[in-house]
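Counting in the numbering used here, the sequence shown runs from 2 upward without gaps.
We put the beta carbon where it would ideally sit given N, CA and C, even for glycine.
This structure is a prediction, so every number in the text was calculated from the model and none was measured.
One structure is given below, encoded as structure tokens.
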Amino acid sequence: MISKKILNALTKEQLIFLINQYQHMEFIISEICVNESKQHIPSEQAVEEIRKELRNCNLPFCTSTEEFISLLDYTMGKITLDEYKERIGIG
């Protein structure tokens, strides 16, 4: 869950990007659940596919607001890897 503090610090463009990512994940997970409920795949496989999709999603998970925003900007292609590292103090 993304904290309210982080959400309040995001730009409109960043919020739209996050909403699109969440909607995409919701669609993928619902498709996996439909396949399981129609018995096209076993429950265990559905759980594994959902876990795989969650691991591969483009949503940043960070504790600090600055790190979250920087990783989001990097994920969106707004900054380079070097700029990201500089922002979070590891470059």
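Endpoints, alpha helix (DSSP H) assigned at residue i
{"i": "methionine 77", "result": "Unbroken run through methionine 77: none, as it is neither H nor E."}
{"i": "cysteine 34", "result": "13-38"}
{"i": "leucine 8", "result": "5-10"}
{"i": "leucine 55", "result": "44-57"}
{"i": "leucine 60", "result": "No alpha helix (DSSP H) contains leucine 60, which DSSP labels as neither H nor E."}
{"i": "isoleucine 89", "result": "82-89"}
For residue j and residue i, believed in contact at Cβ under 8 Å, the rounded distance
{"i": "cysteine 63", "j": "leucine 72", "result": "6 Å"}
{"i": "lysine 86", "j": "glycine 78", "result": "That belief does not hold up - the Cβ atoms of lysine 86 and glycine 78 are roughly 16 Å apart, past 8 Å."}
### Task
Would you be able to state if there are at least three C-beta pairs under 8 Å between the stretch 5-13 and the stretch 25-34?
no
### Message
Does the structure place the stretch 68-83 close enough to the stretch 38-53 that three or more beta carbon pairs sit under 8 Å?
### Response
no
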